[in-house]
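Q:
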Amino acid sequence: MKLYSRIFLKGLAVLVPIAGTLAILAWLGSLFGSLGSKLLGPVIPSGWDFPGVGIVFGIGLVFAVGLLAHMWIFEKLFNAVGGALGRAPLVKAIYGSLKDLSDFMFPSDNSKKLGRSVMVHMEKLGVSMVGFEMVENLSGHEIGESVKDASEKIIVYLPMSYQLGGYMAIVDKADVTPLSLNTEETLKLTLTAGVTGSANSKVID
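Here's what the structure looks like:
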């Protein structure tokens, strides 16, 4: 039974991420397909309603919005709509969370990105944690007025393992050591609790 259990769990480990990814792609394809069929159904010529036309329309729509977002007037319009949603009661919580997740997954040139990878040493606890430096000097930050010796403090984001979330920590610069890991490698290391971390990663001198 132990052997059968290991084989079964091995199969799950292989199938779950593949099936999950395909399910999300299928859901997006179905969403685009349904939207495209409803919008294009009355206007497309007879014979053009082939399988997948909605998906093609969805991809084209996303690309068109991306092009418009590069134009000054439409950029202002999108920002105004986003700002209104970000201030609306109840809606702002949903919109803000989705906006932050979208900026993280699909970063643009002007979106906020994770800072450099660092290791935070907590000597009193005998613990070190891996995270990202987000603000390198609190003296010019709005929260700096409430922090003693703000010029010697930084803000670090410490992601949590095996789930979305994390902590913002204000720490001394002296307790932080840069790492020779890029953003993807650091996230992979922390989100899997080091299970899939690279053995070649090292501290920057």
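Residue numbers (our numbering): 136 to 340.
Idealized CB from N, CA, C, for every residue including glycine.
Values in this document were obtained by computation on a predicted structure and should not be read as measured data.
1) Would you decide whether Ser252 is buried or exposed? Buried here means 16 or more other CB atoms lie within 10 Å of its CB.
2) At what residue ranges does the region 271-317 contain a whole run of the alpha helix (DSSP H), taking only runs of 4 or more?
3) Decide if Lys283 is buried, meaning its Cβ has at least 16 other Cβ atoms within 10 Å, or exposed.
4) What residue from Val306, Met295 and Val265 has the CA that sits closest to Ala285's CA?
5) Thinking C-alpha only, which one of Phe209, Asp310 and Ala304 is nearest Lys259?
6) For His205, which beta-bridge partners are listed by DSSP?
7) I'd like to confirm the pairing. Which residues does DSSP put opposite Ser263 in its beta bridges?
8) Return the residue from the list Phe267, Ser165, Gly195 and Val191 that minimises the CA-CA distance to Glu320.
9) Check each candidate in Ser296, Gly275, Ala158 and His276 and name the one with the smallest Cα separation from Met264.
10) Just the Cα atoms here: how many angstroms apart are Leu212 and His205?
11) From Met254 to Lys234, what distance separates their C-alpha atoms?
12) Among His256, Ser281, Gly261 and Tyr292, which has the Cα closest to the Cα of Glu271?
13) In chain order, what residues of the same chain have a beta carbon less than 7 Å from the beta carbon of Pro294, not counting five sequence neighbours either side?
14) With distances taken from CA atoms, which of Ile142, Gly164, Ser315 and Tyr230 is nearest Phe192?
15) With C-beta atoms as the reference, is Met257 less than 7 Å away from Ile290?
A: Once the coordinates are examined:
1) Locating residue 252 in the sequence shown gives position 117, counting from the first residue. It counts as buried.
2) The region 271-317 contains no whole alpha helix (DSSP H) run of 4 or more residues.
3) Within the sequence shown, numbered from 1, the residue matching residue 283 stands at position 148. So Lys283 ends up on the exposed side.
4) As a working note, residue 285 is residue 150 in the sequence shown. Minimum Cα distance to Ala285 is reached at Val306.
5) Within the sequence shown, the letter at position 124 stands for residue 259. That would be Asp310, whose Cα lies nearest to the Cα of Lys259.
6) In the sequence shown, the residue the question calls residue 205 occupies position 70. Answer is none; His205 lacks a bridge partner.
7) Working through the sequence shown from its first residue, we reach residue 263 at position 128. In the DSSP output, where bridge partners are listed per residue, Ser263 has His256.
8) Along the sequence shown, one-based indexing puts residue 320 at 185. The alpha carbon of Glu320 has as its nearest neighbour, out of Phe267, Ser165, Gly195 and Val191, the alpha carbon of Phe267.
9) Taking the first residue of the sequence shown as position 1, residue 264 is located at position 129. The residue with the shortest Cα to Cα distance from Met264 is Ser296.
10) The count along the sequence shown starts at 1 and reaches residue 212 at position 77. The count along the sequence shown starts at 1 and reaches residue 205 at position 70. If I take the Cα positions, the gap works out to 11 Å.
11) Position 119 of the sequence shown, counting from 1, holds the residue named residue 254. Position 99 of the sequence shown, counting from 1, holds the residue named residue 234. Here the alpha carbon of Met254 sits roughly 28 Å from the alpha carbon of Lys234.
12) If you number the sequence shown from 1, residue 271 lands on position 136. Ranking His256, Ser281, Gly261 and Tyr292 by Cα distance to Glu271 puts Tyr292 first.
13) To locate residue 294, count along the sequence shown from 1; it is residue 159. Only Gly266, Gly301, Leu322, Thr325 and Leu326 meet the Cβ criterion.
14) Along the sequence shown, one-based indexing puts residue 192 at 57. Per the Cα distances, Gly164.
15) In the sequence shown, residue 257 corresponds to position 122, counting from 1. In the sequence shown, residue 290 corresponds to position 155, counting from 1. In this structure, Ile290 does not lie closer than 7 Å to Met257 by Cβ.
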